[in-house]
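Let me begin by presenting the structure, written as C-alpha cells, before commenting on it.
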Amino acid sequence: MTSRMRVSLVCVFAAALSVACGGGDSNTGNPSSGGSGGFGAFDSGSDAAGGSSGSGGSAGSAGTPVDAGPDSASDGGLQEGICTNGTDDDGDGLIDCADPDCNAIICREPAGACDAAEVCANGMCPTDAVSAAGTVCRPSVDTCDAEETCDGTSPDCPTDAPAAAGTECRASAGDCDVAETCDGTTFSCPADELEASGVECRPSAGPCDAAESCDGASAQCPADGLQPTGTECRAAAGVCDVAEACDGTSAQCPTDVFAAMVTVCRAKADLCDAEETCTGTSANCPADGNLPAGTVCRPAAGACDTISESCTGSSAACPPDQNGCGSNQYCNGVSCLAKKPNGQACTAGTQCTSGQCVDGVCCNTSCSGSCRACNVAGSVGTCKNHAAGTDPENGCSAYACNGAGTCNTACSGSACSTACKSGSYCSAGKCISDKANGATCGSSCECSSGNCVDGVCCNSSCTGPCRACNISGSIGTCKNRPAGTDPENGCGQYDCGSNGLCATSCSGACSAYCKTASYCSSSNKCVSDKANGVACSNDCECSSGHCVDGVCCNNGCTGSCRACNIVKGTCTNHPPGSDPENGCGLYKCDGTGACFGGCTGLCGGLECNNNAYCLAGKCVADLPVAAPCIQGCMCESNTCGAPFFGCLP
C-alpha cells in the first residue's frame, strides 16, 4: 500500500465518522452541493479508472472518490499524504479530500509513551515526531521512585528505576532527627530515625553553658541550659588567683580576678622568714624572702639568757640562742650549770659535753637509726646496736634489727625466722604481719596469738584431746568437743565428757562415755567389748553387737528355731523335730532355722508337737476325753479306747 493510499484511507475513515470532507453543508449525496455522502470510490492511482462523474447527484450516493494515487503528471503533481481543497485539481474527475472543512483526525497512532499521535488537521499528516526531551512519561509513585522523562529520541519511556542512592527522601525535622536518603534499590524512603541518645545537638556556647544531647526519643534538641551555680569555670592559675564559678544566669565565666592584697600566699617557715602576701594584680605569690638583717628573732629571756638574737637577712633561721654561760656550761633557765658527761640524763644536746642527747642521755655520738641506742643497760652513754631479732624502737616495720645497727630487709627459712620481729612471720622471703585468730596456719609463728591449733590460729593453746579450735561456728576459739565423742582418739576406752576432759567413769552398759568397742562394766569402768561365746547381758558388751541366749553371738540369730548357746558364740539351728523355745505353736522346728508348715502321717511325729496330731496335712490340737479317735496320739491323754470308743481320760 502506497503512502497516497494510506492517506486516502484516512479520509475514508473520516467519512465513516461523518467528518465533512466535501465542503458542502448536508449529507445529500449531491456532488454539486458537496454533501458528506459525496465520497464515492477510491482513487486507486489511475485517473482513467475513477468511476462516474457523479453529475446530477447520482454519483454522490456512491461517494466521490478520494485521490490516493501516486504522484504523476496526470494528477497535477498531488503530493502523497496531502488533503487538498476539495476540487478536482489534477483533472482526473475525482473530488479530492476537502480542506479546511475536513475535521482533524488521528492519522498516526503513538508508538510508545514518548510518541505523540499525529493528527491530520491541515490536509497533511504531520511528520512522525517523539515527545520533547524532559517530558514526564512516568511520574514518581513514591519518595524514592525517580520520575522518568522522555529523551527526545525514543518513543519509549526509560525503564522504571528508583532514585539514586543518597538522594534525600525525608528531610530532618529537627536537630535530633536524621535526614533519610534513598538506598538506590527500593522505591520507598527508609523508616524515619532519630539521632541516638547522647549525640550532641547543641554545643556549649561558653564555659558556663552545658552542651545538650539528644534523648533518642524526640526530634528536637532539649532546651538550652546553663551549668549550675557554683560550677568552677576557670581554675586558679596560681596561689594568688581566685577560681571563678558560674552564676547560673550566663553562659560566660565571670571576669578573672586575683586574691586581695592582704591574702597570705606563703606563711613564714622560720623565725627569720618573711610572710608573703598577694599583690592583687598577679596570680603568683611574690618571691620568697627573709626578714631584714637586724630584725630581732629571739629576745633575751632573762636569767642565763642575756643576749637577743637577730636575723641575718640571708637565712630564714634565727641564729643559735646565745646566753651568758661559758662554753662548758648550759643554762637551766635559772642559772648556768656545767655541761654533763656521757651517760647523764639530758633533754637537749646543749646540756652535754658531747653535744649529743640521745635516748634521754648524753651520748658519745649522734647514734642515729632505729637499731641503735645510747641507753642500753651496761653501756649507757655509748651508742650500741640493738640485738638481732629485736626492734625495741619499732622502726623496722615487720622486720627485726640485724645486730649490725640496721634493719633486716628479707627473711629465709621457716615462718619463725629471726629476721622478722615479734608480730610478724616469714613468708616467701618477706616478713609480713601475723594472722588473726581463725586464719589457716601451719606454724604458731604465723599467728598473732602465738597458737596454731587444729590448722587455724587460736585464741589459746587449746590443749587436750577433748578441746578444739576448728569447731564449726567457732573457728579460732577453743571449744570443748561434744560429750560422747573422741575424734582425736586420745581418751583410751573413754570418750570426751562434758567438761572438755576425757571421761573417767561410766554408768550403764551402753554409756555414751565409752567409745565404740568398749562398754561400761558393773564397776562403772569402760572396758573392751567381749568376744563371741562369752557370757553377756547386753548387746553393748559384745564386739559383734549381739548378745543372744546369754552369750555374745556372731549375728542377731533371730527366730525360735535358732540359738547361739548350742555352739557358744555361733548361731546354730535347732535339730528337726524339736522346739525347745516353744515358738512353733502346734509344729516343731524343721532343722533349717524355721518351723514346719505341714505334716504327714496321722501322728505327725516329726512335724507336730506333743499336743497335736496330723490331720489332712496340717497339725491340729489333740482331742479331749471321749472325742472319737483312732490312735492315742490324737488324744490329750495320748490314750484312745477300742477303735471308735473315744479318747480315755
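Position 59, counted from 1, in the sequence shown is what the working numbering calls 296; the numbers after and before it change by one each time, with no gaps. All C-beta atoms, glycine included, are put in the ideal place defined by N, C-alpha and C.
Could you spell out where the beta strand (DSSP E) holding residue i opens and where it closes?
i: L852; result: A849 to L852
i: R575; result: In the sequence under discussion, the amino acid at residue 575 is Ala, which differs from the Arg named in the question. C573 to A575 is the span of the beta strand (DSSP E), which, as asked, contains A575.
i: Y636; result: Note, Y636: premise wrong, no beta strand (DSSP E); not H, not E.
i: A398; result: Taken as a continuous stretch (DSSP letters only), A398 belongs to no beta strand (DSSP E), as it is neither H nor E.
i: S755; result: S755 to C757
i: T809; result: T807 to N810
i: A800; result: R799 to V804
i: I669; result: K667 to S670
i: K855; result: K855 to A858
i: C470; result: E469 to R471
i: I867; result: No beta strand (DSSP E) contains I867, which DSSP labels as neither H nor E.
i: V476; result: First-last for V476: undefined, no H or E at that position.
i: E432; result: It is not in any beta strand (DSSP E) - E432 carries neither H nor E in the DSSP assignment.
i: Q566; result: Q566 to C568
i: R718; result: Note, R718: premise wrong, no beta strand (DSSP E); not H, not E.
i: I342; result: I342 to R345
i: E512; result: Per DSSP, E512 belongs to no beta strand (DSSP E) and is neither H nor E.
Relative to the C-alpha of residue i, which candidate in the options has its C-alpha closest?
i: G539; options: G570, A665 and T364; result: G570
i: D414; options: C406, S455 and D382; result: S455
i: I712; options: V690, C733 and T655; result: V690
i: G485; options: L463, A400 and M498; result: L463
i: C490; options: N696, G443, C522 and A879; result: G443
i: V367; options: A350, M361, P523 and L574; result: A350
i: S634; options: V613, Y662 and T619; result: Y662
i: R761; options: G435, A768 and Y750; result: The displayed chain sequence assigns Asn, not Arg, to residue 761. Nearest C-alpha to N761: Y750.
i: S603; options: G615, A537, G586 and T677; result: G586
i: A864; options: V857, E873 and C856; result: E873
i: Y777; options: R799, K752 and C798; result: Checking the sequence shown, residue 777 turns out to be Cys, not Tyr. Nearest option by C-alpha distance: K752.
i: M498; options: E481, P523, G883 and E437; result: P523
i: E844; options: V533, C866 and P812; result: P812
i: D429; options: C638, G453 and V436; result: G453
i: H623; options: G650, G592 and K658; result: K658
i: N639; options: G841, C808 and R609; result: R609
i: A473; options: S487, C483, V494 and Q457; result: V494
i: S654; options: S545, A637 and S765; result: A637
i: M361; options: D352, A369, L528 and R345; result: R345
i: A480; options: Q457, E512 and A520; result: A520
i: A853; options: N846, C840 and N847; result: C840
i: Q572; options: N847, S591, C541 and C733; result: Note that residue 572 is Ser in the sequence shown, not Gln. Nearest option by C-alpha distance: C541.
Look at the alpha carbon of residue i and the alpha carbon of residue j, and state the distance between them as a whole number of angstroms.
i: P395; j: D446; result: 55 Å
i: Q868; j: S748; result: 59 Å
i: Y824; j: C832; result: 6 Å
i: N736; j: A746; result: 22 Å
i: P557; j: S607; result: 28 Å
i: D525; j: C548; result: 15 Å
i: G727; j: P702; result: 5 Å
i: D914; j: C419; result: Given that the chain is displayed from residue 238 to residue 886, the structure contains no residue 914 and the question cannot be resolved.
i: S815; j: G828; result: 8 Å
i: C801; j: G822; result: 21 Å
i: A720; j: C743; result: 12 Å
i: R234; j: N560; result: Residue numbering for the chain in the displayed model covers 238 to 886; residue 234 lies beyond these limits and cannot be assessed.
i: S273; j: I342; result: Residue placement at S273 is poorly supported in this model, since its pLDDT is 33, which falls under 50; the coordinates are not used for a value here.
i: S434; j: P427; result: 20 Å
i: G632; j: D507; result: 29 Å
i: D898; j: C381; result: The requested residue 898 does not occur in the structure, where the chain is confined to residues 238 to 886.
i: C682; j: V693; result: 12 Å
i: P861; j: T837; result: 22 Å
i: G475; j: C515; result: 10 Å
i: T215; j: P629; result: Outside the shown range of the chain, which is 238 to 886, sits residue 215, and nothing can be said about it.
i: C826; j: G878; result: 31 Å
i: V436; j: A402; result: 25 Å
i: P886; j: G796; result: 36 Å
i: C555; j: E546; result: 7 Å
i: A740; j: E725; result: 14 Å
i: E417; j: A398; result: 19 Å
i: A504; j: A511; result: 8 Å
Since residue i contacts residue j with CB under 8 Å, what's their CB separation in whole angstroms?
i: C477; j: T500; result: 7 Å
i: N769; j: C789; result: 5 Å
i: N717; j: C699; result: Actually they do not touch by this definition, with Cβ atoms about 10 Å apart.
i: S697; j: A652; result: About 20 Å separates the two Cβ atoms, so there is no contact after all.
i: A656; j: A647; result: 7 Å
TODO: Answer yes if the stretch 417-427 comes into contact with the stretch 466-475, meaning at least three C-beta pairs across the two stretches below 8 Å, and no otherwise.
DONE: no
Task: Cβ contact (3+ pairs, closer than 8 Å) linking the stretch 386-394 and the stretch 406-413 - done: Not touching, per the Cβ criterion.
Task: Validate contact between the stretch 700-713 and the stretch 662-670 using beta carbons, cut 8 Å, 3 pairs - done: no
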